[in-house]
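Q: In the working numbering, the protein residues as written are 182 to 520.
#1: Taking the CB atoms as reference points, tell me whether residue 348 and residue 319 lie closer together than 8 Å.
#2: Excluding the 5 residues flanking residue 185 on each side, which residues of the same chain have their C-beta closer than 8 Å to its C-beta?
#3: Just to confirm my understanding: we take residue 477, look at its own chain, exclude 5 residues before and 5 after, and list those with CB closer than 7 Å. What are they?
#4: Between the beta-carbon of residue 188 and the beta-carbon of residue 258, is there less than 8 Å?
#5: Tell me, to the nearest whole angstrom, how far the beta carbon of residue 343 is from that of residue 442; I am working on the premise that it is less than 8 Å.
#6: Report the partner residues of residue 307 according to the DSSP bridge assignment.
#7: Just reading off the beta strand (DSSP E) that residue 453 is part of, what are its end residues?
#8: Taking only three categories from DSSP, how would you classify residue 372?
#9: From the DSSP output, which residues share a beta bridge with residue 214?
#10: Tell me which residues share the same chain as residue 222 and place their Cβ nearer than 8 Å to its Cβ, disregarding the 5 neighbours each side in the sequence.
#11: Can you tell me where the alpha helix (DSSP H) holding residue 226 begins and where it ends?
#12: Tell me which residues share the same chain as residue 378 and place their Cβ nearer than 6 Å to its Cβ, disregarding the 5 neighbours each side in the sequence.
#13: Any chance you could list the alpha helix (DSSP H) runs of at least 4 consecutive residues sitting entirely within the segment 418 to 503, in chain order?
#14: Expressed to the nearest angstrom, what Euclidean distance is found between the alpha-carbon atoms of residue 322 and residue 405?
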């Protein structure tokens, strides 16, 4: 793909992912134009002040709930990365209709606007919480995934294609437990919900580069899942403060002990590659012969009963690896650069 000729739009572009994505794009891929679409004028101003003031950047104020604004913003756009969402589990539980309006209806608006504007490729960011969800946030992201996969049928004979990327917790992003532990270690015990809890972890840069790779390879309808390590929350706490007391506060509403990135049912239609899994659509009415069959030639099918869970992952982070991972986050926190 020749990125230098592409116009790229990022919904939720002032968030953690959006800023890192724009940074990598500007430094390495040099697209013709990057549009940052978000609803908060203050965050857009702060992003400019922080150095995101390149000639190819455009800042559009708009909400993904507003389909007319999306249609105007998508005019002339080649690639859309859909990162805008309500992501905090407790906030979504307490404000369920708002979560539905943004994460489900907003995603539907993105799809409609992309189809109407003739956008070539649209990729949506999803989460491990969308697999067998137990909270509303996960349920809304599952619904959004289903919308994006099946919207390839609405595209018909046009060139617009939709796919998703699904990964685990992003280290150091807003709402991450890492900044919370770093702050707690100076004031008392570290709060862990359950000593058995495990999670998938990925760095912000890894997530961004994975999305770029998937944009370059997608045919439409895939859910791309990277192979990423698991981490015990107790190991994370020990890596941050080896001597600190750990206060077990109990699992909060909507939390799981362990997360899934691929369920046993999905595994039947999933292809394993060296560094990722590709969940293929079961039904593909948008093409007589789906080009995604190429994935079967590139990888291998999964065995019966396979599931990709944070507690059965063959790859685990050691305490030393965790410490290396959180070092830049700790530096950013003390320099006041972490949100």
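Ideal Cβ placement from N, Cα and C applies to all residues, glycine included.
As the structure is a prediction and not an experimental result, all values here were calculated from the model.
A: In terms of the structure at hand:
#1: As a working mapping, residue 348 is identified with position 167 in the chain shown. As a working mapping, residue 319 is identified with position 138 in the chain shown. Against a cut-off of 8 Å, the Cβ pair of residue 319 and residue 348 comes out as no contact.
#2: Start at 1 with the first residue of the chain shown, and residue 185 comes out as number 4. The answer, listed in chain order, is 210, 211, 212 and 213.
#3: Position 296 of the chain shown, counted from the first residue, corresponds to residue 477. Correct list, in chain order: 452.
#4: To locate residue 188, count along the chain shown from 1; it is residue 7. To locate residue 258, count along the chain shown from 1; it is residue 77. Against a cut-off of 8 Å, the Cβ pair of residue 258 and residue 188 comes out as a contact.
#5: Counting from one through the chain shown, the residue named residue 343 turns up at place 162. Counting from one through the chain shown, the residue named residue 442 turns up at place 261. That belief does not hold up - the Cβ atoms of residue 343 and residue 442 are roughly 20 Å apart, past 8 Å.
#6: In the chain shown, counting from the first residue as 1, residue 307 sits at position 126. For residue 307, which the question treats as bridged, DSSP gives the partners 347.
#7: Here residue 453 refers to the residue found at position 272 of the chain shown. Taken as a continuous stretch (DSSP letters only), the beta strand (DSSP E) holding residue 453 covers 451 to 453.
#8: As a first step, residue 372 is located in the chain shown; it is residue number 191 there, counting from the start. DSSP places residue 372 in strand when its eight states are reduced to three.
#9: If you number the chain shown from 1, residue 214 lands on position 33. DSSP lists 188 as partners of residue 214.
#10: The residue labelled residue 222 in the question sits at position 41 within the chain shown. Result list for residue 222: 242, in chain order.
#11: Numbered from 1 along the chain shown, position 45 holds the residue referred to as residue 226. Note, residue 226: alpha helix (DSSP H), 222 to 230.
#12: As a working note, residue 378 is residue 197 in the chain shown. Only 414 and 438 meet the Cβ criterion.
#13: 475 to 479
#14: Here residue 322 corresponds to residue number 141 of the chain shown, with the count starting at 1. Here residue 405 corresponds to residue number 224 of the chain shown, with the count starting at 1. Taking the straight line joining both Cα atoms gives about 14 Å.
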